[in-house]
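Novice: So for the sequence shown, this note's numbering puts the first residue at 467; every next one is plus one.
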Amino acid sequence: MSSVLLRVLTASACTLALAAPASAQAPDTTDVPARLSLTLPGVLPAPESVAAAREGTASTKQVSTSSSGDWKFTVYPILVWVPINVGLEVDLPFDVGGGSGGGGGVGSGSSGRVDLVDTRFDGAALVGFAATNGTWRFDFDGVYAAVGGDIDLPSIQLDATLIYGHATVSRKLFGDLFVSGGVRRLATKYEARVLDRYDFESKPGIWDPLVGVGYHKVGDTLELHAIAEYGGFGVGADSDFGAAVRLDWKPWSHVGFTAGYSFFQFRFTKELGPFDFTARQHVAGPTLGLGLYF
467 MSSVLLRVLT ASACTLALAA PASAQAPDTT DVPARLSLTL PGVLPAPESV
517 AAAREGTAST KQVSTSSSGD WKFTVYPILV WVPINVGLEV DLPFDVGGGS
567 GGGGGVGSGS SGRVDLVDTR FDGAALVGFA ATNGTWRFDF DGVYAAVGGD
617 IDLPSIQLDA TLIYGHATVS RKLFGDLFVS GGVRRLATKY EARVLDRYDF
667 ESKPGIWDPL VGVGYHKVGD TLELHAIAEY GGFGVGADSD FGAAVRLDWK
717 PWSHVGFTAG YSFFQFRFTK ELGPFDFTAR QHVAGPTLGL GLYF
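(1) Using the DSSP secondary-structure output, state which residues sit across from Gly647 in a beta bridge.
(2) Taking the DSSP output, what are the residues bridged to Phe743?
(3) Buried or exposed, going by whether 16 or more other CB atoms sit within 10 Å of the CB of Phe743?
(4) Classify Gly641 as helix, strand or coil using the three-state DSSP reduction.
(5) I'd like to check one pair, Gly757 with Phe723: are the Cβ atoms closer than 8 angstroms?
(6) Could you pull out every residue in the same chain whose Cβ sits closer than 6 angstroms to the Cβ of Ser705, ignoring the five residues on either side in sequence?
(7) For Val635, tell me which candidate among Glu555, Leu713, Ile693 has the shortest Cα-Cα distance.
(8) Can you tell me whether His720 is buried or exposed? The criterion is at least 16 other CB atoms within 10 Å of its CB, across all chains shown.
(9) Exposed or buried, Glu737, counting other C-beta atoms within 10 Å across all chains shown (16 or more means buried)?
(10) With a threshold of 6 angstroms on Cβ separation, who are the neighbours of Glu695 within its own chain once the five nearest residues in sequence on each side are excluded?
(11) Given Phe644, which residues of its chain have a CB within under 8 angstroms of its CB, disregarding the five upstream and five downstream residues?
(12) Between which two residues does the beta strand (DSSP E) containing Trp547 stretch?
(13) Cα-Cα, which of Trp715, Ala611, Val593, Phe729 is closest to Tyr656?
See below:
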């Protein structure tokens, strides 16, 4: 404040000195041209203040840009899925019940539905990758699952292998809520043996479009992820639905652990000559794994 007042007084004094007459005698205005005196208040900021303000503005812009443009990457090299709820149901292109006559044979006049209530689980594994800058998010994961089942009357053994890749692009709506779209690739293999005489095999490959919503809360130590997606729409599968919730704990800066629960089900129909082969399958269970964060 004192420096500002000093500048005002200095500027005013200079103005008075320039405007004061050289002597007490009134000047002859006929020979001296008129002069215009302009007084500028001495309140201009000091050069160092201007430099500091510019530096602060540049710093603010730089921080704002980096906070919205930083990308974070997560890799799940080890991610194990342990299904505890497995369901498998197929419509085979022949009658497995022998019809109303109760003969117990296998005919070709109609299709037979096989609902394997007691199924077995041979194994499942996942890998995953995610990248986000806070506004956009990219996710990819792959799954391998082998399940099967047997029934006694009639004697049927059925094995199913499921391999799929899943990729989505998500856009933040508000807060930590995202809307997503993507694709899922299903490669399945079904092998059935009926009455130890009739063998059946089908290897359908399916591309499914997906839409969904997700909640992704990313912190320095904990991350919470929850998704729900629906797809198929008759383009590939008749329908498919997947949902998962996962909590990541990062005790170290680049290494952590993840645990959650995943559910996936689908239904598809494939034409086999005059018959339709239909399969309905669901797999659900906890997931455990290792995460690498960059």
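Built from N, CA and C at the ideal position, the CB exists for glycine as well.
Specialist: In brief:
(1) Indexing the sequence shown from 1 puts residue 647 at position 181. Paired residues: Val635, Val677.
(2) As a working note, residue 743 is residue 277 in the sequence shown. Answer is Lys736, bridged to Phe743.
(3) Start at 1 with the first residue of the sequence shown, and residue 743 comes out as number 277. With 16 or more Cβ atoms within 10 Å of its Cβ, Phe743 is classed as buried.
(4) The residue given as residue 641 occupies position 175 in the sequence shown. Coil, per DSSP.
(5) As a first step, residue 723 is located in the sequence shown; it is residue number 257 there, counting from the start. As a first step, residue 757 is located in the sequence shown; it is residue number 291 there, counting from the start. In this structure, Gly757 lies closer than 8 angstroms to Phe723 by Cβ.
(6) In the sequence shown, the residue the question calls residue 705 occupies position 239. So the qualifying residues of the chain are Gly698, Arg733.
(7) As a working note, residue 635 is residue 169 in the sequence shown. The residue with the shortest Cα to Cα distance from Val635 is Ile693.
(8) Here residue 720 is taken as the residue at index 254 of the sequence shown, counted from 1. When all chains shown are included, His720 counts as exposed.
(9) Here residue 737 corresponds to residue number 271 of the sequence shown, with the count starting at 1. Flag for Glu737 reads exposed.
(10) Counting from 1 along the sequence shown, the entry for residue 695 is found at position 229. Residues Leu676, Gly678, Gly708 of the same chain have their beta carbon placed closer than 6 angstroms to that of Glu695, with the five preceding and five following residues left out of the count.
(11) Position 178 of the sequence shown holds residue 644. Within the same chain, Phe644 has close Cβ partners Arg603, Ser636, Arg637, Lys638, Val679, Gly680, Tyr681, His682.
(12) Numbered from 1 along the sequence shown, position 81 holds the residue referred to as residue 547. Per DSSP, Trp547 belongs to the beta strand (DSSP E) from 538-547.
(13) Taking the sequence shown and counting its residues from 1, one reaches residue 656 at position 190. Here the closest residue by C-alpha is Ala611.
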